[in-house]
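Trainee: Let me give you the structure first, and then I'll get to my questions.
Protein chains: 2
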Amino acid sequence: MKKQNILLSSVMFFGSICFAQTVNDFKPAASNQPGKQYPQVNNEGRVRASILAPQALKVQLDLGGKKYDLTKDERGVWTGESLPQDEGFHYYQLNIDGASVPDPGSLFFYGAGRWGSGVEVPAKDQEFYALRDVPHGLVSENIYFSKLTNAWRRCFVYTPPAYNKNTKERYPVLYLQHGSFEDETGWAVQGKANLILDNLVAEEKAAPMIIVMDNGYANKPQDQGAIENKTRPVSIFEEVMINEMIPMIDTKFRTKADREHRAIAGLSMGANQTIRIIMNNLDKFSAIGGFSGTSNYPSADPVDPATFLDGKFKDGAAVSNKIKLFWLGLGTKEPNPFPASVGAFRTMLDKQGIKHVYYESPGTAHEWLTWRRDLKQYASLLFK
Amino acid sequence: MKKQNILLSSVMFFGSICFAQTVNDFKPAASNQPGKQYPQVNNEGRVRASILAPQALKVQLDLGGKKYDLTKDERGVWTGESLPQDEGFHYYQLNIDGASVPDPGSLFFYGAGRWGSGVEVPAKDQEFYALRDVPHGLVSENIYFSKLTNAWRRCFVYTPPAYNKNTKERYPVLYLQHGSFEDETGWAVQGKANLILDNLVAEEKAAPMIIVMDNGYANKPQDQGAIENKTRPVSIFEEVMINEMIPMIDTKFRTKADREHRAIAGLSMGANQTIRIIMNNLDKFSAIGGFSGTSNYPSADPVDPATFLDGKFKDGAAVSNKIKLFWLGLGTKEPNPFPASVGAFRTMLDKQGIKHVYYESPGTAHEWLTWRRDLKQYASLLFK
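Structure representation (structure tokens):
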């Protein structure tokens, strides 16, 4: 530690000349690999990257849609930092002489269609997803064969802390979906769904529940090559969920296997999917959470209930009667078309007299802190 | 796919000039990220890496202790390949102008003290750890607080396919440990412990069992800074296992909580640890598996049972009587001191009349294919 601190101090000293306006309280990110000193984050949310690349001509930190040039010191170590970032979790990468690579200092996360680096900028409300001294549930990797897609699939299943003790108790189930270019690992890793629920359950702010996190991509076997052929394959995710996933979960886990005790939610693409799924399957689910997305995405046009989703919202009273909790969330910094599209959807709900809860995550964009907060809010209202 | 195949063919065409003696049947490795074309492996076990790095001066593939120079094409893509590698799993990295980074094409694995790239060279016997159409158990992430280390710990727990159905059945438990600079993720990811057991159980070649894969590093709270201070902290892994881990597992899971139904095994450092642990705790375990290591490591000197491990092997008959299965394994290509050290240990066992099973993995070194095979052999003899 001593040696590293001396090195660190020298970086900081030289650094302080170039970055006179930067607050120099950088600390290794919580999302780093064990023992790794970089990347670091300061109190303003700036991310400082550092990597040894003695023969490189140019090294950049690629974060939040911007590339920041790093500066080389006499030892061949390149260091530099970003502008202040929003609180929460961000995907990023390094660029070394034109090669886009993961930062060897960070843990790796699946997002943006790849396993790559991520960095956690501490949030003021981070206690709700922190690893705290409360009873913890399990997150189980569950592999199953899907006949509809003719492929192996995987979901992660969170079971609440008491699940393995109360072996006669059955639990309600939330099916929780990721966004586009993400996968079934997202909610339990960068989403911290298990810790959020452990903390809520410990404070008796949420009912103990099972959470199923599956992969939102599912194509017919004959469509496997569709993406490569630049045609858009027809998603059969709904069929997989209804005909394969739910029966499998109800067999393998001690669920309360009825619509009153089954909820669904998703973020972005997952919100779009799950709102469609509940409207097609009101006999299966009684609650819906749409995080940063609705089924009219990307349109911001007025939603006509007579035609939208084959008129599924036409009879507002019937929908209100069936859906116990209709919940929508958005970050205050999300770019269009999200606010406009979600807004158009909400206007339609209001016009149809369909009650819904609407939550805004302060200061966050289309990223994981928005969705962690959404889950906390949504889960605390479920199955009550 | 078509476009990629054309690109691929052109690489192969140019490649064939430089690598005239290489068999050109390269295929994307099974360990790649979804949809990623590189790295590739050919029938000889050569690994071909490829990365876009238009401004780089030098790019290398760092694999198996050798660095292979890649060659740049007119598009700025660097490509090149290694000498033939042993069958099985290998950690590797790329080197771009002096920066050691993960290959963005591969999945990431914890080994060599970091999360980084790995590549799977297909083995002739790979069916035993393949994802096959058999019932699959769960691998559950289990977080717990350790008072002895004053830290959060994590283990992964494999439960056999029938565990969630036969809710009154109790199961024997194998505690399975990783090697040095690896962690609790190793056995279920690159070790494929769950698939190996799923396949064995499906063929009725192993008893259904729970497998607990924990982290082998455990220090007293006051020793947390020891590594940084360049002192070697005293491991309290044995105390954590006996006093915290086993009671926790016996509470959370439906175990057969007695020595007859509790086994222990480990690889390399884990073999060293677990042989010590069973000899100190013969009331807790009835079987031991030592994969590529024994407790006299790194010494190849004759082992004196009068003094070794405080004379724990002195009474050979008593040891034989207590330990139902004493199992040792080694790869035929392992470098010294492993063969000599394990050999010296075996000589001692023979001298003391302690029966043991000894297995050699053909054509593998101190790597994961050796240990996958060890687990298959060992598990098939356990709890019978």
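Chains as they are written, first to last, in the numbering used here: chain A, 5 to 388; chain B, 5 to 388.
Where is the CB? At the ideal position from N, CA and C, for every residue including glycine.
Please read these numbers as outputs of a predicted model, since none were measured by experiment.
Return yes when the Cβ of histidine 94(A) is within less than 8 Å of the Cβ of glutamate 371(A), no when it is not.
Mentor: Yes, they are a contact pair.
Trainee: Taking C-beta pairs closer than 9 Å, name the residues in chain A that asparagine 170(B) reaches, listed in chain order.
Mentor: Neighbours of asparagine 170(B) on chain A: none; closest Cβ ~12 Å, over 9 Å.
Trainee: Going along the stretch 33-65 of chain A in order, which residues come within less than 7 Å of chain B, judged by CB to CB distance?
Mentor: Here the close residues are Gln37, Ile55, Leu56, Ala57, Pro58, Gln59, Ala60, Leu61, Lys62.
Trainee: With DSSP collapsed to three states, give me the class of methionine 213(B).
Mentor: In the structure shown, methionine 213(B) sits in coil (DSSP, three-state: anything other than H, G, I, E or B).
Trainee: Would a C-beta distance cut-off of 8 Å place leucine 178(B) and isoleucine 147(B) closer than the cut-off?
Mentor: No, they are not a contact pair.
Trainee: Going by CA-CA distance only, name the one from Phe132(B), Asn28(B), Ala134(B) that's closest to glycine 84(B).
Mentor: Considering only alpha carbons, the answer is Asn28(B).
Trainee: With burial defined as no fewer than 16 other Cβ atoms inside 10 Å of the residue's Cβ, what is the status of methionine 5(A): buried or exposed?
Mentor: Per-residue confidence for methionine 5(A) stands at a pLDDT of 32, beneath the threshold of 50, marking its modelled position as unreliable; the derived number appears in the next sentence. It counts as exposed.
Trainee: Between leucine 65(A) and leucine 56(A), which are expected to be in contact by the criterion C-beta below 8 Å, what is the C-beta distance as a whole number of angstroms?
Mentor: Their Cβ separation, rounded to whole angstroms, is 15 Å, which puts leucine 65(A) and leucine 56(A) out of contact at 8 Å.
Trainee: How would you label asparagine 223(A), buried or exposed, when you count the other beta carbons within 10 angstroms and need 16 or more for buried?
Mentor: Label assigned to asparagine 223(A): buried.
Trainee: Assuming leucine 334(A) and phenylalanine 342(A) make a contact with CB atoms under 8 Å, what is their CB distance in whole Å?
Mentor: About 6 Å; that satisfies the 8 Å criterion.
Trainee: Since arginine 157(B) is in the beta strand (DSSP E), which residue starts that stretch and which ends it?
Mentor: Here the beta strand (DSSP E) through arginine 157(B) covers 155-163.
Trainee: Check the Cβ-Cβ distances between valine 15(A) and every residue of chain B, and say whether any is below 8 Å.
Mentor: With a pLDDT of only 35 at valine 15(A), under 50, the local geometry of the prediction cannot be trusted, and the value read off the model is given with reservation. Chain B contact via Cβ: absent.
Trainee: Would the stretch 92-111 of chain A and the stretch 37-50 of chain A be scored as touching if the rule is three or more Cβ pairs under 8 Å?
Mentor: Flag = yes, the stretch 92-111 of chain A and the stretch 37-50 of chain A touch.
Trainee: For glycine 367(B), tell me which candidate among Ile358(B), Trp156(B), Tyr133(B), Arg377(B) has the shortest Cα-Cα distance.
Mentor: Nearest C-alpha to glycine 367(B): Arg377(B).
Trainee: Scan the stretch 213-224 of chain A for residues whose Cβ lies nearer than 9 Å to a Cβ of chain B and list them as they occur along the chain.
Mentor: Answer set for the stretch 213-224 of chain A: empty.
Trainee: Say whether the stretch 240-260 of chain B touches the stretch 149-169 of chain B, bearing in mind that this needs 3 or more beta-carbon pairs closer than 8 Å, one atom from each stretch.
Mentor: A contact exists between the stretch 240-260 of chain B and the stretch 149-169 of chain B.
Trainee: Taking 7 Å as the cut-off, is the C-beta of arginine 280(B) nearer than that to any heavy atom in the ligand MG?
Mentor: The ligand MG is absent from the structure shown, which contains no ligands of any kind.
Trainee: Cα separation between phenylalanine 17(A) and tyrosine 72(A)?
Mentor: Confidence at phenylalanine 17(A) is low in this model, with a pLDDT of 37, below 50, so its placement is unreliable and the value that follows should be read with caution. If you take the alpha carbons of phenylalanine 17(A) and tyrosine 72(A), they lie about 20 Å apart.
Trainee: Using a beta-carbon distance below 8 Å, is leucine 111(B) in contact with chain A?
Mentor: Answer yes: the Cβ-Cβ gap between leucine 111(B) and chain A drops below 8 Å somewhere.
Trainee: Leucine 142(B) CB to nearest chain A CB: under 8 Å?
Mentor: Closer than 8 Å to some Cβ of chain A, the Cβ of leucine 142(B) qualifies, so yes.
Trainee: Measure the CB-CB distance between cysteine 159(A) and methionine 217(A) and report whether it falls below 8 Å.
Mentor: In this structure, methionine 217(A) lies closer than 8 Å to cysteine 159(A) by Cβ.
Trainee: Alanine 211(B) to lysine 388(B), Cα distance in whole Å?
Mentor: About 7 Å.
Trainee: Could you list which residues in chain B have their beta carbon closer than 9 Å to that of glutamate 145(A), in chain order?
Mentor: Per Cβ cutoff of 9 Å: Leu142, Val143, Ser144, Glu145, Phe160, Ala192, Asn198.
Trainee: Assuming alanine 60(B) and glycine 80(A) make a contact with CB atoms under 8 Å, what is their CB distance in whole Å?
Mentor: The pair is not a contact, with the Cβ atoms about 15 Å apart (cut-off 8 Å).
Trainee: According to DSSP, simplified to helix, strand and coil, what is phenylalanine 312(B)?
Mentor: Correct three-state label for phenylalanine 312(B): helix.
Trainee: Quick one: any contact between the stretch 127-146 of chain B and the stretch 160-169 of chain B, if contact means 3 or more CB pairs under 8 Å?
Mentor: Touching, yes, given that three or more Cβ pairs across the two stretches are closer than 8 Å.
Trainee: Chain A partners of glycine 102(B), CB-CB under 8 Å?
Mentor: Those are Leu56, Ala57, Pro58, Gln59, Ala60, Gly80, listed as they occur along chain A.
Trainee: Mind pulling the chain A residues with CB within less than 8 Å of proline 106(B)?
Mentor: Neighbours of proline 106(B) on chain A, chain order: Val105, Pro106, Pro108, Phe112.
Trainee: Short of 9 Å Cβ to Cβ, which residues in the stretch 243-271 of chain A face chain B?
Mentor: Going along the stretch 243-271 of chain A in chain order, one finds Thr255, Lys256, Phe257, Arg258 with a Cβ nearer than 9 Å to chain B.
Trainee: Less than 8 Å separating the beta-carbons of glutamine 89(B) and glycine 49(B)?
Mentor: Yes; because the gap between Cβ atoms is below 8 Å, this pair is in contact.
Trainee: Using a beta-carbon distance below 8 Å, is leucine 386(B) in contact with chain A?
Mentor: Not closer than 8 Å to any Cβ of chain A, the Cβ of leucine 386(B) fails to qualify, so no.
Trainee: When burial is assigned at 16 or more other CB atoms within 10 Å of the CB, is valine 238(B) buried or exposed?
Mentor: Valine 238(B) comes out exposed.
Trainee: In this structure, does DSSP put glycine 274(A) in helix, strand or coil?
Mentor: In the structure shown, glycine 274(A) sits in a helix (DSSP, three-state: H, G or I).
Trainee: Expressed to the nearest angstrom, what Euclidean distance is found between the alpha-carbon atoms of asparagine 99(A) and aspartate 287(A)?
Mentor: Cα to Cα, asparagine 99(A) sits roughly 50 Å from aspartate 287(A).
Trainee: Does the CB of leucine 180(A) have a neighbour CB from chain B at under 8 Å?
Mentor: Closer than 8 Å: no.
Trainee: Kindly indicate which three-state DSSP category lysine 70(A) falls into: helix, strand or coil?
Mentor: Residue state, collapsed to three classes: strand.
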